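Remarks on the structure that follows.
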Amino acid sequence: MPKFVICFAQAHLNFRLAELRSLAIIENVTLDFDQKDLLEQSPFLVVGIDTVENAKKLLNRAILIKEIIQLWAADDTLEGILLKAKNLPAEYFAPYRTSSFKFDISVFGSTLAIPDQVEQINRFKFLPLEGKIDLKKPEIVFTVYQDFYANANPKDIPDKPVRLFFGPFLATSNRGLIQTYDLKKRDYLGTTSMDAELSLIMSNIALARPGSFVLDPFVGTGSFLLTSSHFGAFTLGADIDGRQIRGKGNNKNIESNAVQYDLTNRILGTVVCDIAHHPWRETEFWDAIVCDPPYGVRAGAKKIAVNPKSLPKTSVLNPDGTYKLPQTIPYELDDVLTDLLSFAAKYLTPGGRLVYWLPTVTETYDPKDVPRHKRMRMIDNCEQDFGKWARRLIVMEKLQQHEPDLDLDALLVEIEKGIQGVNALDEQDMRVGDDGLVTLIDNPAHAKFRNHYFNIGEGETQ
Amino acid sequence: MLMCHVKGCSTDNFPLRIEDAEMEQVEVEFNEDFCRRLINKIDWPAFVQTAFALGLDQLPAALPDDLDEEFLQRIHKLALETKLKAGRMVCNGCKHVYLITDGIPNMLLQETEV
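Which chain is which? The protein sequence lines are A and B, in order. If you count the first sequence from 1, position 303 lands on 303 in this note's numbering, and the numbers rise without skipping. If you count the second sequence from 1, position 34 lands on 34 in this note's numbering, and the numbers rise without skipping.
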């Protein structure tokens, strides 16, 4: 397969592989790479892709990738690159022989002064290029990536690059979308609105695309509806709190956001309901469920139930015949998540994805805390680290109908940053529910997350 | 897609009967594949009954074998482009009323119903 070099944007490092693999599925691209080649501190990853056209397609909606080049030569010195470039078959350059061109030297982990860049570019003079140099609008750009960081200790950066790549530039990604959906420009916001970059990444990982049907059961102010519908999906939102959906009566609400981004033709609507007691007829409606479940820090999670602390109602109706608001009780995070997982196992289409955030206290988090399900395969678990606490993007995929239930080995698999690790779970610790839900017998560490969160910094870690 | 979910209410709880409907036509992108898959997900008799009760369309009682584009467009218009702006959805089983306001159905139950 032809080789390419992906240059990542070096943001949200833990999410790079999850997004890359999802993009390959969405764009139907054959992608081959060794995950061991992706280094934390380096933006470069050499991949095999079936065609040049597909390599460009892979970046159509990429958020965590910056750009991609075709790989013609890789070496650990510039001299090596020059030598390899000299020996390239003539047909490599044939399509560009008369094109206007320029050279671009991209240095990662160090800087290279302009005169030094010019000096290096001049060393490529021998290439069979007859077109004129055009720095503004060249027909083709030849890129040299120089990586000072790979395998290096950031405090001890070498004075020469440790690896270099050379080849024609192919495409930039779609990171401009982060600006388009920037919260600062959005009309209607809440305290729980998800930032644009993560929201877009999540829609990518959920495989939201033309023709797919996406639900956010904790829709809040609707961030995921926007980004998923941007990528072509039809979306529906639900929330127990209708005030979030409707806004404050100043015509700023989820609907006005849909208008602002010109997505009313794909955002199908919203429903006020409680996921603990929901009204959906049991059918595999959705291709993806994408959400940020309420964990009680900024918005307290609630579900409908008789609240013993409230006075019993004399009537459920208001004088005008409408129902009064129901009583609610706190909805503990571990219950929210197991309800969500059971819901997803029933309502996703086969192969459909559940993508949600699990908040964790870093010191007590254990991979076995993540609830599992016999019909849901763990795809990824990517941490966004905030120091003492973190949130993890959990990605699961519903099995196809013909696939048998996951056995314990498959269920207990650990994945971190897209890389499968050793099983850390013990079946003796787990409880298997009737519907296939698999949870810890003991409380997971994120139970009562809110209490732990507010106790961080006060020495309490229990 | 929505049914009555009051605890113990399991007969005649779908489809919900729509009353005092105030409807609006919206524009939704047509996607043939999505529309085909949607038809397989909806409860056809319930869909036919609701479309008729709202005076929107008289659909065949049995889903045709051959779903041509014209038919798909018809379903697209009914299922995706016809929005209930206001009204009531009433459960034929237990009589619970779900209100729709500003195009948003309120499916919350009372605490005594869960």
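Yeah, the Cβ is synthetic: ideal placement off N, Cα and C, and Gly gets one too. Owing to the predicted nature of the structure, the values given are computational and were not obtained by experimental measurement.
Candidates Asp159(A), Ala196(A) and Asp104(A): closest to Ile133(A) by CA position:
Within the first sequence, residue 133(A) is the residue found at index 133, counting from 1. Cα-wise, what sits closest to Ile133(A) is Asp104(A).
Can you round the beta-carbon distance between Lys7(B) and Val97(B) to whole angstroms, since I take them to be within the 8 Å contact cut?
The residue you call residue 7(B) lines up with position 7 of the second sequence. The residue you call residue 97(B) lines up with position 97 of the second sequence. Lys7(B) to Val97(B), Cβ: 17 Å. No contact.
Length at least 3, wholly inside the segment 172-244 of chain A: the beta strand (DSSP E) runs in chain order:
213-216 and 234-239
Could you tell me whether the Cβ of Gly87(B) comes closer than 8 Å to any Cβ of chain A?
In the second sequence, counting from the first residue as 1, residue 87(B) sits at position 87. Not closer than 8 Å to any Cβ of chain A, the Cβ of Gly87(B) fails to qualify, so no.
Quick check: the Cα distance between Tyr365(A) and Leu2(B), rounded to an integer number of angstroms?
Stepping through the first sequence from its first residue, residue 365(A) is reached at position 365. Stepping through the second sequence from its first residue, residue 2(B) is reached at position 2. Cα to Cα, the separation comes out at about 38 Å.
Go to Asn381(A), then tell me how far its beta strand (DSSP E) extends in each direction, as first and last residue.
What you label residue 381(A) is simply residue 381 of the first sequence in a count that begins at 1. Element bounds for Asn381(A): Met376 to Asp385.
Is there a Cβ from chain B that is less than 8 Å from the Cβ of Asn307(A)?
Numbered from its first residue, the first sequence carries residue 307(A) at position 307. Chain B contact via Cβ: present.
Where does Thr461(A) land, buried or exposed, given buried means 16+ other C-beta within 10 angstroms?
Reading the first sequence from its first residue, position 461 is the one you call residue 461(A). Low per-residue confidence applies at Thr461(A): pLDDT is 38, beneath 50, and the placement is therefore not dependable, though the value from the model is reported in the following sentence. Result: exposed.
Proximity test, Cβ basis, 8 Å: Asp12(B) and chain A:
As a first step, residue 12(B) must be located in the second sequence, where it is residue number 12. With 8 Å as the cut-off, Asp12(B) does not count as an interface residue toward chain A.
Between the alpha carbons of Thr47(A) and Thr30(A), how many angstroms are there, rounded?
For the purposes of this step, residue 47(A) is taken as the residue at position 47 of the first sequence. For the purposes of this step, residue 30(A) is taken as the residue at position 30 of the first sequence. Note on identity: in this sequence residue 47(A) is Val, with Thr being the wrong assignment. Going from the Cα of Val47(A) to the Cα of Thr30(A) covers about 10 Å.
For Phe142(A), report the span of its beta strand (DSSP E) as first-last.
Reading the first sequence from its first residue, position 142 is the one you call residue 142(A). Here the beta strand (DSSP E) through Phe142(A) covers Ile140 to Asp147.
In terms of residue numbering, what span does the alpha helix (DSSP H) encompassing Gln428(A) cover?
One-based indexing of the first sequence puts residue 428(A) at position 428. That residue, Gln428(A), is in no alpha helix (DSSP H); it is neither H nor E in DSSP.
Just the chain A side, please: which residues come within less than 8 Å of Thr112(B) by C-beta, in chain order?
Position 112 of the second sequence holds residue 112(B). Those are Val306 and Val316, listed as they occur along chain A.
Nearest CA to the CA of Glu22(B): which residue from Leu108(B), Leu109(B) and Thr82(B)?
As a first step, residue 22(B) must be located in the second sequence, where it is residue number 22. The candidate whose alpha carbon is nearest that of Glu22(B) is Thr82(B).
Limits of the unbroken alpha helix (DSSP H) element including Phe14(B):
Counted from its first residue, the second sequence places residue 14(B) at position 14. No alpha helix (DSSP H) holds Phe14(B); DSSP gives it neither H nor E.
Say whether the segment 53-68 of chain A touches the segment 170-190 of chain A, bearing in mind that this needs 3 or more beta-carbon pairs closer than 8 Å, one atom from each stretch.
yes
So Glu29(B) contacts chain A; which residues on that side make the cut at Cβ distance below 7 Å?
Sequence index remark: in the second sequence, residue 29(B) carries index 29 (1-based). Asn265 and Arg266, listed in chain order.
How about Val271(A): is its C-beta nearer than 8 Å to some C-beta of chain B?
To locate residue 271(A), count along the first sequence from 1; it is residue 271. By this cut-off, Val271(A) is an interface position.
Taking Lys41(B) as the query, report the chain A residues whose CB atoms sit under 8 Å from its CB, ordered along the chain.
Translated into positions along the second sequence, residue 41(B) becomes position 41. Chain A residues near Lys41(B): Thr283, Glu284 and Phe285.
Taking the alpha helix (DSSP H) that Gly75(B) belongs to, which residues open and close that run?
Numbered from its first residue, the second sequence carries residue 75(B) at position 75. Rather than Gly, the amino acid found at residue 75(B) in this sequence is Ile. Note, Ile75(B): alpha helix (DSSP H), Glu69 to Ala79.
Do Leu399(A) and Arg372(A) have their C-beta atoms within less than 8 Å of each other?
For the purposes of this step, residue 399(A) is identified with residue 399 of the first sequence, where counting begins at 1. For the purposes of this step, residue 372(A) is identified with residue 372 of the first sequence, where counting begins at 1. Not in contact: Leu399(A) and Arg372(A) (Cβ atoms no closer than 8 Å).
Let me know if Met194(A) comes out buried or exposed under the rule of 16 or more other beta-carbons within 10 Å of its beta-carbon.
As a position in the first sequence, residue 194(A) is number 194, starting the count at 1. Answer is buried; the Cβ neighbour count reaches 16.
Exposed or buried, what is Arg468(A) when buried is set at 16 or more other beta-carbons lying within 10 Å of its beta-carbon?
No answer is possible for residue 468(A): it lies beyond the span of chain A, which begins at 1 and ends at 462.
For His76(B), which residues in the same chain have their Cβ closer than 6 Å to its Cβ, ignoring the five residues on either side in sequence?
On the second sequence, residue 76(B) is found 76 positions in, with the first residue counted as 1. Here the set comprises Phe30 and Cys35.
Using a beta-carbon distance below 8 Å, is Leu109(B) in contact with chain A?
Looking up residue 109(B) in the second sequence gives position 109. Chain A contact via Cβ: present.
So with CB distances below 7 Å, who are the chain B contacts of Thr227(A)?
Numbered from its first residue, the first sequence carries residue 227(A) at position 227. Per Cβ cutoff of 7 Å: no residues; Thr227(A) is ~16 Å from chain B at best.
Would you mind giving the Cβ-Cβ distance between Leu109(B) and Pro217(A), rounded to the nearest angstrom? I have them listed as a contact below 8 Å.
Working through the second sequence from its first residue, we reach residue 109(B) at position 109. Working through the first sequence from its first residue, we reach residue 217(A) at position 217. Incorrect: roughly 16 Å between the Cβ atoms, too far for contact.
Given this structure, state the Cα-to-Cα distance separating Ile121(A) from Ser100(A), to the nearest angstrom.
In the first sequence, the residue the question calls residue 121(A) occupies position 121. In the first sequence, the residue the question calls residue 100(A) occupies position 100. If I take the Cα positions, the gap works out to 15 Å.
Would you check if the segment 211-226 of chain A and the segment 238-246 of chain A touch, i.e. whether three or more CB-CB distances between them fall below 8 Å?
yes
Residues in the segment 67-95 of chain B with C-beta within 8 Å of chain A's C-beta atoms, listed in sequence order?
Leu80 and Lys83
Residue-level contact to chain A via CB, Met23(B), 8 Å cutoff:
Along the second sequence, read from residue 1 onward, the residue named residue 23(B) stands at position 23. So, not an interface residue.
Using DSSP bridges, identify the partner residues of Arg88(B).
Here residue 88(B) is taken as the residue at index 88 of the second sequence, counted from 1. Beta-bridge pairing links Arg88(B) to Glu19(B) and Leu99(B).
First and last residue of the uninterrupted beta strand (DSSP E) at Leu333(A)
Locating residue 333(A) in the first sequence gives position 333, where the first residue counts as 1. Taken as a continuous stretch (DSSP letters only), Leu333(A) belongs to no beta strand (DSSP E), being part of the alpha helix (DSSP H) at Leu333 to Tyr347.
Assumed close pair Val259(A), Ser203(A) - CB separation to whole angstroms, cut-off 8 Å:
Within the first sequence, numbered from 1, the residue matching residue 259(A) stands at position 259. Within the first sequence, numbered from 1, the residue matching residue 203(A) stands at position 203. Val259(A) to Ser203(A), Cβ: 19 Å. No contact.
Closer than 8 Å by beta-carbon distance: list the chain B residues that pair up with Ile245(A), in chain order.
Taking the first sequence and counting its residues from 1, the one referred to as residue 245(A) is at position 245. Those within 8 Å of Ile245(A) in chain B are Ile104.
Cys4(B) to Asp434(A) span [Cα, whole Å]
Stepping through the second sequence from its first residue, residue 4(B) is reached at position 4. Stepping through the first sequence from its first residue, residue 434(A) is reached at position 434. So the alpha carbons of these two residues sit roughly 24 Å apart.
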